[in-house]
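Visitor:
The structure is reproduced here in structure tokens:
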């Protein structure tokens, strides 16, 4: 019969072999992840031509924010995602990147703004999209996972942060694209259509969405004073920009059905926010604020929108036309399509 010592040695040998194989497999998986570097933010990243690969733009956009090919940027939420760099580039003689992220808070927008500015200290044009998140709240957190190591601190920390299932998944997706097995879904300049080209506009679904949307507050203020806790953050961001940078604040269009009745709380709050945005512009040289949230044949038609706040491509074209006309010609669009709230041409 084999001795207990030999049996113990056999088990010990098995344990070492098992741990060695397991550890080796884990190491090679980690090595695969960091070599592919799905988000292109590691210090020793091989110079592959990567693309934005993740559905959560908080992972994909830091690489675009540090990319030296861009000299201008758009910051905002999904309500500025329809703005196309390729349309804005020629009139401004610029190279825009759209860094707007779904459901991004002002806190997150400041993070990616700071990252962009760190790598582009003298940007040509910066567009800030100030929708309701800027006018009514300022959550100091993210509603979705955000890899803060990509935005601030030492990028070397990323080598430890890559040891997870999500990084492996996205490395596999990036690798599949690199070898030609996957099509590019997200634009390399940050622009991706809100909905795929195959999506069919259904007025009945849109009407249902409008009906189910949170309604405006038409109650009287009754002594309440509107505040915009996020606007000091916007002021801080603008103050960091050089005097020569063109600074554009836009209030994006949303359905006029949700403007609220005159004198009601929603109406009063929006008017207060717009007035405070005007104040921001007065202190910022080479800046302009443009309002697209005004009654006109776009905002008064449900067919201009996918839902009360997300506008369709032809409405986006109007917004881009309005930005170009206001900044370059200091003029508004006809038919009350845009309004210059304030401009400072120092």
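Numbering (my numbering), first residue to last: 950 to 1295.
Idealized CB from N, CA, C, for every residue including glycine.
Helix, strand or coil for residue 981? Go by DSSP, reduced to three states.
Guide: Here residue 981 sits in helix by DSSP.
Visitor: Determine the closest residue to residue 1186 out of 1020, 1060, 1015 and 1129, with distance taken between C-alpha atoms.
Guide: Nearest of 1020, 1060, 1015 and 1129 to residue 1186, Cα basis: 1060.
Visitor: Could you tell me whether the Cβ atoms of residue 1291 and residue 1227 are closer together than 7 Å?
Guide: Yes, the pair counts as a contact, with Cβ atoms nearer than the cut-off.
Visitor: Quick one: which unbroken beta strand (DSSP E) runs of 3-plus residues sit fully inside the stretch 1229-1264? Chain order, please.
Guide: As far as the stretch 1229-1264 is concerned, its whole beta strand (DSSP E) runs of at least 3 residues are 1236-1240.
Visitor: Rounded C-beta distance between residue 1237 and residue 1289? I'm assuming under 8 Å.
Guide: Right, their Cβ atoms sit about 7 Å apart.
Visitor: Quickly, what does DSSP pair residue 1288 with across the bridge? List them, please.
Guide: 1240, per the DSSP bridge assignment.
Visitor: Please list the terminal residues of the continuous alpha helix (DSSP H) segment that includes residue 1155.
Guide: Here the alpha helix (DSSP H) through residue 1155 covers 1152-1161.
Visitor: Alpha carbon to alpha carbon, what distance is there between residue 1167 and residue 1173?
Guide: Using only the alpha carbons, I get a separation of about 13 Å.
Visitor: Mind reading off the beta-carbon distance from residue 1204 to residue 1257? Whole number of angstroms is fine, and I expect it under 8 Å.
Guide: Between residue 1257 and residue 1204 the Cβ distance is about 4 Å, and since that is below 8 Å, they are a contact.
Visitor: Whose C-alpha, out of 1070, 1262, 1078 and 1057, is nearest the C-alpha of residue 1143?
Guide: Of the candidates 1070, 1262, 1078 and 1057, the one whose C-alpha sits nearest the C-alpha of residue 1143 is 1262.
Visitor: Entirely within the stretch 1178-1215 and at least 4 residues each: give me those alpha helix (DSSP H) ranges in chain order.
Guide: Complete alpha helix (DSSP H) runs here, min 4: 1180-1188.
Visitor: Below 7 Å CB to CB, which residues in the same chain sit around residue 1241 once its five sequence neighbours on both sides are set aside?
Guide: Here the set comprises 1199, 1200, 1201, 1202, 1268, 1271 and 1287.
Visitor: Can you find the residues in the same chain that come closer than 6 Å, C-beta to C-beta, to residue 1181, ignoring five residues on each side of it along the sequence?
Guide: Nothing meets the Cβ criterion.
Visitor: Would you tell me roughly how many angstroms separate the C-alpha atoms of residue 941 and residue 1017, rounded to the nearest one?
Guide: Not covered by the structure: residue 941. The range shown for the chain is 950 to 1295.
Visitor: Give me whichever residues DSSP pairs with residue 1022 in a beta bridge.
Guide: BP columns for residue 1022 point to 1046 and 1075.
Visitor: Residues bridged to residue 1293 by DSSP?
Guide: DSSP output for residue 1293 lists 1236 as bridge partner(s).
Visitor: Tell me where the alpha helix (DSSP H) around residue 1172 begins and ends.
Guide: Neither: residue 1172 is in no alpha helix (DSSP H) and is coded neither H nor E.
Visitor: Quick one: using the 10 Å Cβ neighbour count with 16 as the cut-off for buried, is residue 1149 buried or exposed?
Guide: Counting Cβ neighbours within 10 Å, residue 1149 comes out exposed, since fewer than 16 surround it.
Visitor: Go through its chain and collect everything with a Cβ distance to residue 1108's Cβ below 8 Å, but skip five positions before and after it.
Guide: Result list for residue 1108: 983 and 991, in chain order.
Visitor: Compute the Euclidean distance between the alpha carbons of residue 1077 and residue 1023, then round it to the nearest angstrom.
Guide: If I take the Cα positions, the gap works out to 6 Å.
Visitor: Just the C-alpha distance for residue 1035 and residue 1046, rounded to the nearest angstrom, thanks.
Guide: Computed Cα separation, rounded: 9 Å.
Visitor: Using the Cα positions of residue 1126 and residue 1133, report the straight-line distance between them to the nearest angstrom.
Guide: Rounded to the nearest angstrom, the two C-alpha atoms are 7 Å apart.
Visitor: Would you check if there are 3 or more beta carbon pairs closer than 8 Å linking the stretch 1206-1214 to the stretch 1067-1077?
Guide: Short answer: they don't touch.
Visitor: Just how far apart, CA to CA, sit residue 958 and residue 1121?
Guide: Cα to Cα, the separation comes out at about 40 Å.
Visitor: If you run the structure through DSSP and keep just helix, strand and coil, what is residue 1065?
Guide: Of the three classes helix, strand and coil, the one that applies to residue 1065 here is helix, per DSSP.
Visitor: Give the range of the alpha helix (DSSP H) segment to which residue 1040 is assigned.
Guide: Where residue 1040 is concerned, the enclosing alpha helix (DSSP H) stretches over 1034-1041.
Visitor: Check whether the stretch 969-978 touches the stretch 1089-1104, taking contact to mean three or more Cβ pairs, one atom from each stretch, closer than 8 Å.
Guide: At 8 Å Cβ cutoff, the stretches do not touch.
Visitor: Please determine, among 1080, 1092, 1124 and 1154, the residue with the shortest C-alpha to C-alpha distance to residue 1029.
Guide: With distances taken between Cα atoms, residue 1029 lies closest to 1080.
Visitor: Just to confirm, is the Cβ distance from residue 1033 to residue 1140 under 7 Å?
Guide: Result yes, Cβ atoms of residue 1033 and residue 1140 sit closer than 7 Å.
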